[in-house]
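So the sequences go chain by chain: A and B. Under this note's numbering, read the first sequence as residues 1 to 113, first letter to last. Under this note's numbering, read the second sequence as residues 1001 to 1113, first letter to last. From the three backbone atoms N, C-alpha and C, an ideal C-beta is built for every residue, glycine too. Quick caveat, the model's predicted, so the values are computed rather than measured. Below is one structure, written out as structure tokens; the observations come after it.
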Amino acid sequence: TQLLEQSPQFLSIQEGENLTVYCNSSSVFSSLQWYRQEPGEGPVLLVTVVTGGEVKKLKRLTFQFGDARKDSSLHITAAQPGDTGLYLCAGAAGGTSYGKLTFGQGTILTVHP
Amino acid sequence: EPEVTQTPSHQVTQMGQEVILRCVPISNHLYFYWYRQILGQKVEFLVSFYNNEISEKSEIFDDQFSVERPDGSNFTLKIRSTKLEDSAMYFCASYYTSYTEAFFGQGTRLTVV
């Protein structure tokens, strides 16, 4: 069974601060996705990283996939109140498990004005 | 923009009753999934479906659960005899191929009383 540990579970910061969320596993994933989920809604994909060592940027968000494809991080620069929400990482098993996703437990981010 | 649609958004049912959760995946997608999220817990994989048959199922997906794609557009999850512990958000997701991103529906909140 693949597990994905996401940390921290809660993050409360002031506007303008930087933050990093981590996802770690002992398993190798074929790809790793980062989602944002609003209350009462489904996860919305932010980015997919596929190659070990890959770095992707989405405005102030930087996503990195570990060289061994077992871990990933999400870094937000100069956080804004609009970044407040639940962030989820999810690893894809690949192979015969196709796109089956293993989710982390999520990080609830609160950015105070 | 194409989206995955789930109905109903909220279903309240008595313990022991059967429920059917409905999903309309994106029209050209080929891979279909159900996930669930018990309040305060991780999003968990239930089942994957491809080429009109189950590809993989988790240990949660016991004989009380079934899925089908009756008419080429809808994708349903049936719970035959609901239990209190089935109360959760249920998310449908679809993929075009196994290597592209997953699109999630907005979820159905199932409450078993």
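CB of residue i within 7 Å of CB of residue j, strictly
| i | j | result |
| --- | --- | --- |
| LEU109 (chain A) | THR84 (chain A) | yes |
| ARG1022 (chain B) | ALA1088 (chain B) | no |
| TYR1031 (chain B) | TYR1050 (chain B) | yes |
| HIS1029 (chain B) | SER1073 (chain B) | no |
| GLY42 (chain A) | PHE1091 (chain B) | yes |
| LEU88 (chain A) | PHE103 (chain A) | yes |
| VAL49 (chain A) | LYS56 (chain A) | yes |
| THR1013 (chain B) | VAL1004 (chain B) | no |
Backbone secondary structure at residue i - three-state DSSP
| i | result |
| --- | --- |
| GLU1056 (chain B) | strand |
| ASP67 (chain A) | coil |
| LEU1084 (chain B) | helix |
| GLN82 (chain A) | Correcting the residue identity first, residue 82 (chain A) is Gly in this sequence and not Gln. It is helical. |
| GLY1016 (chain B) | coil |
| GLY95 (chain A) | helix |
| THR77 (chain A) | coil |
| GLU1044 (chain B) | strand |
| TYR1035 (chain B) | strand |
| LYS56 (chain A) | strand |
| THR48 (chain A) | strand |
| GLN14 (chain A) | strand |
| PHE29 (chain A) | coil |
| LEU1061 (chain B) | In the sequence as displayed, the identity of residue 1061 (chain B) is Phe instead of Leu. It is coil, neither helix nor strand. |
Distance between beta carbons of residue j and residue i, contact taken as under 8 Å
| i | j | result |
| --- | --- | --- |
| ARG69 (chain A) | VAL28 (chain A) | 5 Å |
| ARG36 (chain A) | VAL47 (chain A) | The Cβ separation is near 10 Å, so there is no contact. |
| ALA1102 (chain B) | LEU101 (chain A) | 7 Å |
| SER25 (chain A) | GLY91 (chain A) | 6 Å |
Cutoff 7 Å: residue i Cβ touching any chain B Cβ
| i | result |
| --- | --- |
| GLN2 (chain A) | no |
| PHE29 (chain A) | no |
| GLY82 (chain A) | no |
| PHE103 (chain A) | yes |
| THR48 (chain A) | yes |
| LYS56 (chain A) | no |
| GLY99 (chain A) | yes |
C-beta neighbour in chain A for residue i, strict 7 Å
| i | result |
| --- | --- |
| PHE1091 (chain B) | yes |
| GLU1101 (chain B) | yes |
| GLN1017 (chain B) | no |
| TYR1096 (chain B) | no |
| GLN990 (chain B) | Residue 990 (chain B) is absent from the model: chain B starts at 1001 and stops at 1113. |
Relative to chain A, which residues along the segment 1032 to 1060 of chain B have a C-beta separation below 8 Å, given in chain order?
Residues passing the 8 Å Cβ filter: TYR1033, TYR1035, GLN1041, LYS1042, VAL1043, GLU1044, PHE1045, SER1048, TYR1050, SER1055 and GLU1056.
Residues within the segment 34 to 46 of chain A neighbouring chain B, beta-carbon criterion of under 9 Å:
TYR35, GLN37, GLY40, GLU41, GLY42, PRO43, VAL44 and LEU45
Residues in the segment 62 to 73 of chain A with C-beta within 7 Å of chain B's C-beta atoms, listed in sequence order?
none
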